[in-house]
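Participant:
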Amino acid sequence: MVQGVGFRPFVYQLATKHNLKGWVCNTSGDVKINVEGERTALGRFLAELETLAPPLAHIESVSATNEPAIGYEYFEIQESISEEGKYQLVSPDIATCPDCLKEILS
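Encoded structure:
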């Protein structure tokens, strides 16, 4: 599960750290990433994608393909895509905020 846990901003930071170009977006249940750059930078990106992911991110699998470069000028977080018949899981709050806790206990 990578929805609602800061995964796309993490991917953005990781891609820009390695000077990669492309995009990341949520789909219904998945995250799609399209990156291009130097082969060694791509290798480090893929390795760190799994080893440095946010603590609440659960990555079931990563698949990579070698495609012709498109020539992206920058890396961006794209708007989420809703796919018919698929559902997007969003993680529940990991902690109750102080204001809510105060309201519950009073």
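For the sequence shown, the UniProt record's numbering assigns the number 1 to the initial residue and increments by one for each residue that follows. Built from N, CA and C at the ideal position, the CB exists for glycine as well.
1. For Asn26, count neighbouring Cβ atoms within 10 angstroms of its own Cβ and tell me buried if that reaches 16, exposed if not.
2. Apart from the five residues just before and just after Glu48, which ones in its own chain have a Cβ nearer than 7 Å to its Cβ?
3. How long is the line joining the alpha carbons of Lys32 and Val24, rounded to whole angstroms?
4. Out of Asn66, Ser63, Gly37, Pro68, which one is the CA nearest neighbour of Lys21?
5. What residues in its chain sit with their C-beta under 7 Å from that of Tyr72, if we drop five residues either side in the sequence?
6. In the DSSP assignment, what residue or residues form a beta bridge with Lys102?
7. Considering only the alpha carbon of each residue, which of Lys102, Ile59, Gln78, Asn34 lies closest to Ala69?
8. Give the range of the alpha helix (DSSP H) segment to which Gly43 is assigned.
9. Roughly how far, in whole angstroms, is the beta-carbon of Ala41 from the beta-carbon of His18, given that I think they are within contact range, below 8 Å?
Facilitator: Taking the structure as given:
1. By the 10 Å Cβ count, Asn26 comes out buried.
2. The residues are Leu14.
3. Each residue's alpha carbon lies about 6 Å from the other.
4. That would be Gly37, whose Cα lies nearest to the Cα of Lys21.
5. Within the same chain, Lys21, Gly22, Glu36 come within 7 Å of Tyr72 by CB-CB distance, once the 5 residues on both sides are set aside.
6. Answer is none; Lys102 lacks a bridge partner.
7. It is Asn34 whose Cα lies nearest to the Cα of Ala69.
8. For Gly43, the enclosing alpha helix (DSSP H) starts and ends at 39 to 51.
9. Indeed, because the Cβ distance is near 4 Å, the residues count as touching under 8 Å.
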